[in-house]
Amino acid sequence: MGLSEILSIISGDLVRVEEQIDKSIQSPVPLVYEISKYLLAGGGKRIRPAILLLCSGSLGLTDGWKKIASAAAIELIHTASLLHDDVVDDAALRRGKESSNVVWGNKPTVLVGDFLLSKALGLIQSCGNLELIKAVTDASAKLAEGQVLEVMSSASMIETTEDVCFGIIENKTASLIESSARVGALLANNDNDKINAVGSYGLNLGIAFQLVDDALDYSSTQQEFGKQVGQDLVEGKMTLPLFYSIQGATKTEKDKVNKILGKESFDEQELSFIFEIVSKYKGADKTKDSAKIYADKAKESLTYLPTNEFNKSLDMLADFVVERTN
Ligand code: FPP
Ligand code: MG
């Protein structure tokens, strides 16, 4: 089933979220709006707002402005993080278009990221609930920590362990998805067990989401993915498709891979050799298998929530995350 069908139950609210986002990015400084709009209108999946809305719906909250405001706020934080990430990664493409750092340069890109983060925190604050502020600010801090972990680990790819890979994934991606789910549950004001079940859904779904992203980086095409493929290796990032492939490789292959990964940068031949190893040992497939395990864990959490249409959509969303191609 396609994403828009899975989310049809909240389609009206998603339109309201878009309206709120557009209101929030208005600025007397034209370039601020232009850069914000460029990325926000560029076709993101709005997974985080959708999770927030579905989680609040599954626990009985189906109307009100606060869930619209907080869903918009979380998408603004995500957008801010992508602007910053594209500067950190020196990216060329985002959502099928030249990234903001290429079009306008690093300085306005970073600063507009700061603008979006500030607007997001203002929106969350206007919901008047300290628990929401904590859930969102904790996640924002983890995003930054995840990025720092990733930058540090790229200094020594071969020493990056599976645990480090998962630590990065949990911080840089799963934390904000977990927070989206938790905020939805907090707004519905349910008991702690249900809030924790929803949080666990978000965390595991978020891990699955990033694992699939890491797999697609080795197995998709630029056309389909909307960003350059093979970038993780080029940027010196050890991710699980490569990690799992090295585990399966012969001693001679391992030695050659380690020699290449120990270098500061890689030439075309070296890159091709690593891509061949990942293809030979099916690292992308293994990573998708691992994503499926996390998506199943997410689904398991849903059994602790009331059975309703929102819950069903959350279940289908978990399948979508694993099967997605972009
Ligand atoms: C994409 O990772 C990046 C993230 C999911 C998080 C980026 C976070 C920061 C830069 C910290 C800043 C934090 C805030 C709150 C503004 P990726 O490079 O693996 O994915 P990509 O292929 O989509 O670029
Ligand atoms: Mg990046």
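Position 17, counted from 1, in the sequence shown is what the numbering used here calls 131; the numbers after and before it change by one each time, with no gaps.
Ideal Cβ positions, reconstructed from N, Cα and C, are used throughout, including at glycine.
Just so you know, these numbers come straight off a predicted model, no measurement behind them.
- With fewer than 16 other CB atoms across the displayed protein chains lying within 10 angstroms of its CB, T421 is exposed.
- In terms of CA proximity to S170, A311 leads the group T274, A311 and E212.
- Put simply, of K377, F424 and L419 the residue whose alpha carbon is nearest the alpha carbon of A269 is K377.
- Between I149 and P222, the beta carbon gap of about 6 Å places them in contact (Cβ cut-off 8 Å).
- Leaving aside the five residues that flank D346 on each side, the residues in its chain whose CB is nearer than 7 Å to its CB run, in chain order, D328, D331 and T353.
- In the three-state reduction of the DSSP assignment, K411 falls in the helix class.
- Between the segment 425-438 and the segment 120-130 there are three or more inter-stretch CB-CB distances shorter than 8 Å, so the stretches are counted as touching.
- Excluding its 5 nearest sequence neighbours in each direction, A249 has C-beta neighbours in its own chain below 6 Å: S293, R296 and V297, listed in chain order.
- Cβ contact annotation for T274 (same chain, cutoff 6 Å, sequence separation greater than five): S267 and M352, in chain order.
- If the five residues before and after C279 are omitted, its C-beta is found closer than 7 Å to the C-beta atoms of M352, T353, L354 and F357, all from its own chain and listed in chain order.
- Minimum Cα-Cα distance from R209 among the listed residues T366, K341 and N243 corresponds to K341.
- Near ligand 2, meaning a beta-carbon closer than 5 Å to one of its heavy atoms, we find D199 and D203.
- Exclusion of A432 from the 7 Å shell around ligand 1 follows from its C-beta lying no nearer than that to any non-hydrogen atom of the ligand.
- By the neighbour-count definition (other C-beta atoms within 10 Å, threshold 16), L237 is a buried residue.
- Pairing N372 with S172 gives a Cβ-Cβ distance that is not under 8 Å.
- Annotation for L173: no alpha helix (DSSP H) segment contains it, and DSSP assigns it neither H nor E.
- Close CB contacts of L196 within its chain, under the 7 Å cut and outside five residues either way in sequence, are with L153 and R208 (chain order).
- Within the same chain, and ignoring the five residues on either side of K368 in sequence, the residues whose Cβ sits closer than 8 Å to its Cβ are I360.
- Just measuring C-alpha positions, the residue of V202, L319, V129 and N440 sitting nearest A186 is V129.
- Just measuring C-alpha positions, the residue of V146, S125, S334 and L175 sitting nearest N304 is L175.
- Secondary structure at K406: helix, using DSSP grouped into helix, strand and coil.
- In the displayed model, R208 falls within a strand according to three-state DSSP.
- Q324 counts as buried, since no fewer than 16 other beta carbons sit within 10 angstroms of its beta carbon.
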